[in-house]
Amino acid sequence: MFEKITIRARLALAMSFLGVLLIAGGAMGIVGVNMTNGDLKHLYSDQLSSSRKLSEASVALARSRLWLFRIALNPDVPDVAKFVQNARDQLDNSRKAWDAYRSLPFADDAEANQANELNGKLQNLVTTGYEPIFQAIATRDGASIRSAVQNSSSALYQDVTGGIDTLQKKQASVAATTYERAQARFDWFVTIAVAGVAFALIAAALAWRSLQRAIGGPLQEALAHFKAIASGDLTARVEVRSHDEMGQLMSGLQAMQDKLVEMIGTVRESASAIDTAAQEIAAGNTDLSQRTEEQAASLEETASSMEQLTATVRQNADNAKRATQLAGTASDTAQRGGEVVGRVVETMQGISSSSSRMNEIIGTIESIAFQTNILALNAAVEAARAGDQGRGFAVVASEVRTLAQRVATAAGEIRGLIGEATSRVDTGATLVRDAGGTIDAIIRDVARVNDILQEISSASEEQSTGIGQVNTAVNQMDQVTQQNAALVEQASAAAQSMAHQARGLSDAVSIFRVGATA
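If you want it as structure tokens, here you go:
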């Protein structure tokens, strides 16, 4: 039955049971202490206080009576007033102590009745036994004082003090009863506590034995299986005898052992397969290494040819660049020549314009010379009319006329020269314009040649770049091929190492004994 209960449930039951016992023991202890505390409080607050107040009342009453007797023995004592006051103080103290006693709770109704009866007797004792003595002392008459003392009710005093003694005995009896009850309760609690402790020890022993059987035995069996597995023995069968946590542990151990048996068988088969595959990979890598080396040699030759082709194309591109530069220089020179011709044409046009302006100026000079000649002619006519007085003026006019004629003749010659120069300038301008058109045609042709050379240069550069990229790719292929050859050799070595490790793995798992199921 207990095999179906889990260890957690067993522990919970054991701890709960022990907890209940602990709570019960604690509760009983608290109840017992509380009851004992109540008894002690009752003893101290009621019985002890009542006994003390009764004793104080009895002692004070006796002291008051003693002071009165001392006065009666020696009425002429000088301190009689002091003695009287002491007697009255003691009587008051006795009354106060008695009232304090009556204010406390009584043990039972019988004590209450006794106290009420004794209270009447005490009042009667004060009235009939003490007051006459105080009155006699006030008269200062010794005979009266002695008579009052002799007539005081000694029997009533004895009755009052006897009643107080009875009440004190009653308090002592109640205290004894309370003590006996507390002692009996203490004995009962001790018995219950001892029984509870014994029961708890028995329950703890039973719980320990149950847990020992549930945990200790399976743990020892599990440790034995672990040691066997560690030594390589997987043939021992794990038995599951319970359904608790230890049963689950043994079930897990059984599953682990089965998986180990299966895994070791798989590892052995895999190690054998890896060994065979590694040998085949090593043989294939050796063949691949030879072919890779041959391919690397072919790529080296191809790379050498591509380098030569790259150098040739690069040289063509450089020549095309230089031709482009020369064509550009010729185009710049032709453009500068065209600009010079343009400036010459502009200069010719300026000269032609200046010649036209000079013709206009010469026309003006001829007009001025003609008018001067007419004016000189008119001056000569006027001088002739003047006769001898105008002869000098006539000579001047003749000279002016001669000068005007010479100016007109020179202006005519200049006009002829300017006309001839203008004709030549126009012819030169025409030739210069023709030369400018020819130079423009040369510039256009040179520009077209330059464009063609630039296209050739760009194509050569692109071809050179492409061949360079191909050359780089071939070199990279050569390097990759060489690296592949090295990797193939490493893979061959790794395959051989893997085969060696596979044999080592087979040797490592060979220590396990898995029985016929493997």
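According to our numbering, the stretch in the sequence shown is residues 156 to 673, in order.
Using N, Cα and C, we set each Cβ at its ideal position, and we do this for glycine too.
These numbers come from a predicted model, not from an experiment.
Q | Residue range of the unbroken alpha helix (DSSP H) whose run includes G317 | A | S309 to L366
Q) Which residue's Cα is closest to the Cα of N626: S459, V315 and H655? A) S459
Q. Quick one: what's got a C-beta closer than 7 Å to T672's C-beta in the same chain, skipping five residues either side?
A. Residue placement at T672 cannot be trusted, given a pLDDT of 49 that sits under 50; the coordinates are not used to answer.
**Q.** Segment contact flag, the segment 212-227 with the segment 252-272, C-beta cutoff 8 Å, min 3 pairs
**A.** yes
Q. Can you give the Cα-Cα distance for R491 and I594, rounded to whole angstroms?
A. 10 Å
**Q.** Burial state of E554, where buried means 16 or more other Cβ atoms lie within 10 Å
**A.** exposed
Q | Three-state secondary structure assigned by DSSP to D581 | A | helix
Q) Taking the Cβ atom as the reference point for each residue, do A331 and L173 lie within a distance shorter than 8 Å? A) no
Q) Which class does D430 belong to by DSSP, given the choice of helix, strand or coil? A) helix
Q: Quick one: measure Cβ to Cβ for E521 and A563, integer angstroms, because I've assumed they're closer than 8 Å.
A: 5 Å
Q. Is the Cβ-Cβ distance between I288 and P230 less than 8 Å?
A. no
Q | Q624, buried or exposed, once every other Cβ within 10 Å from all chains shown has been counted against 16 | A | exposed
Q) Which value, in whole angstroms, describes the spacing of the CA atoms of S386 and G407? A) 19 Å
(Q) So A559 and A534 are supposed to be a Cβ contact under 8 Å. How far apart are they, rounded? (A) In fact, because the Cβ distance is near 11 Å, the residues do not count as touching under 8 Å.
Q. Within this structure, are the beta carbons of V393 and H380 separated by less than 8 Å?
A. yes
Q. Does DSSP classify L231 as helix, strand or coil?
A. Here the sequence assigns Asp to residue 231, which means Leu is not the residue at that position. In the structure shown, D231 sits in coil (DSSP, three-state: anything other than H, G, I, E or B).
Q | Other residues of its chain near T465: CB distance less than 8 Å, five sequence neighbours each side excluded | A | S619, I622, G623 and N626
Q: Mind listing, in chain order, the continuous alpha helix (DSSP H) runs of no fewer than 4 residues lying wholly within the segment 236-264?
A: none
Q | Reference S302, options A227, S258, Q638 and K325, closest by Cα | A | A227
Q. What number of angstroms, rounded off, separates the C-alpha of A164 from the C-alpha of T390?
A. 34 Å
Q: Could you check how far apart the C-beta atoms of A267 and K325 are, in whole angstroms? I think they sit under 8 Å.
A: No, A267 and K325 are not in contact; Cβ-Cβ is about 11 Å, not under 8 Å.
Q: Measure the C-alpha to C-alpha separation of A538 and S509 and round it to an integer number of angstroms.
A: 42 Å
Q) Tell me which same chain residues have a C-beta within less than 7 Å of the C-beta of A169, skipping the five on either side of it? A) A362
(Q) Quick check on the burial criterion: 16 or more other C-beta atoms within 10 angstroms. Buried or exposed for K208? (A) buried
Q: Determine the contact status of G591 and G493, defining contact as a CB-CB distance below 8 Å.
A: yes
Q | When A531, E616 and Q463 are compared against R477, the one with the closest alpha-carbon | A | E616
Q | Beta-carbon proximity list for A614, same chain, < 7 Å, skipping 5 on both sides | A | none
Q. What residue does the alpha helix (DSSP H) around H380 start on, and which one ends it?
A. G372 to A385
Q. Do you know how far the Cα of T457 is from the Cα of A677?
A. Since the first residue shown for the chain is 156 and the last is 673, residue 677 is missing from the structure and cannot be characterised.
Q: Tell me whether D600 sits in a helix, a strand or coil according to DSSP, three-state version.
A: helix
Q. Within 10 angstroms of its Cβ, does H655 collect 16 or more other Cβ (buried), or is it exposed?
A. exposed
Q | For G483 and I506, the rounded distance between their alpha carbons | A | 34 Å
(Q) For E394, report the span of its alpha helix (DSSP H) as first-last. (A) Careful: E394 lies outside any alpha helix (DSSP H) and carries neither H nor E.
Q) Can you tell me whether I598 is buried or exposed, with buried defined as 16 or more other CB within 10 angstroms of its CB? A) buried
Q.
Between M513, Y285 and N528, which has its C-alpha nearest A217's C-alpha?
A. Y285
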